[in-house]
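Numbering (my numbering), first residue to last: 1462 to 1757. To start, the structure itself, in structure tokens.
And the structure:
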């Protein structure tokens, strides 16, 4: 934890008082947080994240955490002597890989996050898309990026059909913090591995969240000269897609963020998870630590 012993008590009180307008503004509102990147693997940043989430809950804001786990899945596959295969950036998920994905995401990773939040004084509950029939999915149809008539079979990778947020709302009402693994289920009870950014964006839309916060390993959306774009409208994002400024690995993340912004989420924030206590800095101060995408 950062040493603040050299800050005078009056200054500490002033810092706390400056957060009051933001606490008042967001009290009772839902914030969906996509948790990933360095914030999820660096022990100091893990502790900061857990403390931030607990503090938000204690001041009357409702955080909902959706997590990824690509590196952890890759490490588990290696331990079992299985090599990960990707097509157009998407993990090919056969039945054996799906078992490992469920074990890693819904078990190891999720329970680590739940434990960290509970240790920080919160009451976290782990969920997958199966719990409460939350995330119904179907097999993702992946078309070739250069030839739309060509389709790839990526196995049990899912496309969201619908989200029922009832279980999340019930937990929020009982002062719990939901921690959600991006696993859905199909009409024949089969499991699907779903992109965590997509789950977070859709969940934020369904919950009518005030904000969608996406933690990344970059400072935010950059222009072609490498400068941070701190404030963008949905229309400006469309233009950045068209001129190729947003490309590669940022495409699915920003596409999900844009869909959420256009579907009623007040603002979407792509923020740098490498910054200590970045959630509190972004929500409870006027300092921008990433890119905000506005709904208008």
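We put the beta carbon where it would ideally sit given N, CA and C, even for glycine.
In angstroms with no decimal places, state the Cα-to-Cα distance between residue i and residue j.
| i | j | result |
| --- | --- | --- |
| residue 1728 | residue 1610 | 36 angstroms |
| residue 1512 | residue 1503 | 14 angstroms |
| residue 1672 | residue 1726 | 6 angstroms |
| residue 1720 | residue 1591 | 24 angstroms |
| residue 1534 | residue 1519 | 33 angstroms |
| residue 1488 | residue 1569 | 32 angstroms |
| residue 1659 | residue 1745 | 26 angstroms |
| residue 1654 | residue 1645 | 7 angstroms |
Of the choices the options, whose alpha-carbon is the least far from that of residue i?
| i | options | result |
| --- | --- | --- |
| residue 1650 | 1521, 1678 and 1594 | 1594 |
| residue 1507 | 1656, 1719, 1614 and 1574 | 1574 |
| residue 1668 | 1685, 1629, 1748 and 1522 | 1629 |
| residue 1692 | 1521, 1552 and 1753 | 1753 |
| residue 1523 | 1612, 1635 and 1479 | 1635 |
| residue 1529 | 1616, 1641, 1745 and 1701 | 1641 |
| residue 1724 | 1662, 1491 and 1505 | 1662 |
| residue 1587 | 1580, 1581, 1566 and 1743 | 1566 |
| residue 1737 | 1583, 1514 and 1492 | 1514 |
Within its chain, find whatever has a CB closer than 6 angstroms to the CB of residue i; leave out the 5 residues flanking it on each side and keep chain order.
| i | result |
| --- | --- |
| residue 1577 | 1507 and 1511 |
| residue 1555 | 1616 |
| residue 1605 | 1611 |
So with Cβ pairs under 8 angstroms, would you call residue i a contact of chain D?
| i | result |
| --- | --- |
| residue 1691 | The displayed structure is made up of one protein chain only, and chain D is not part of it. |
Give me, in chain order, the residues of the same chain whose beta-carbon lies closer than 8 angstroms to that of residue i; leave out the 5 immediate sequence neighbours on both sides.
| i | result |
| --- | --- |
| residue 1541 | 1561 |
| residue 1490 | 1522, 1523, 1670, 1671 and 1672 |
| residue 1714 | 1658, 1675, 1677 and 1731 |
Quick one: residues in its chain with C-beta nearer than 7 angstroms to the C-beta of residue i, no 5 flanking neighbours on either side, listed in chain order?
| i | result |
| --- | --- |
| residue 1551 | 1603, 1615 and 1618 |
| residue 1657 | 1495, 1497, 1527, 1528, 1529 and 1643 |
Below 8 angstroms, how does it come out for the region 1675-1688 and the region 1715-1735: are there three or more Cβ pairs, yes or no? yes
Within the region 1695-1744, note down every full beta strand (DSSP E) run reaching 3 residues or more, in order along the chain. 1728-1733
Please specify which runs of the beta strand (DSSP E), each continuous and at least 3 residues long, are wholly inside the region 1462-1549, giving them in chain order. 1491-1496 and 1523-1528
Quick check for students: name the residue ranges of the alpha helix (DSSP H) that lie wholly in the region 1586-1612, counting only runs of 4 or more. none
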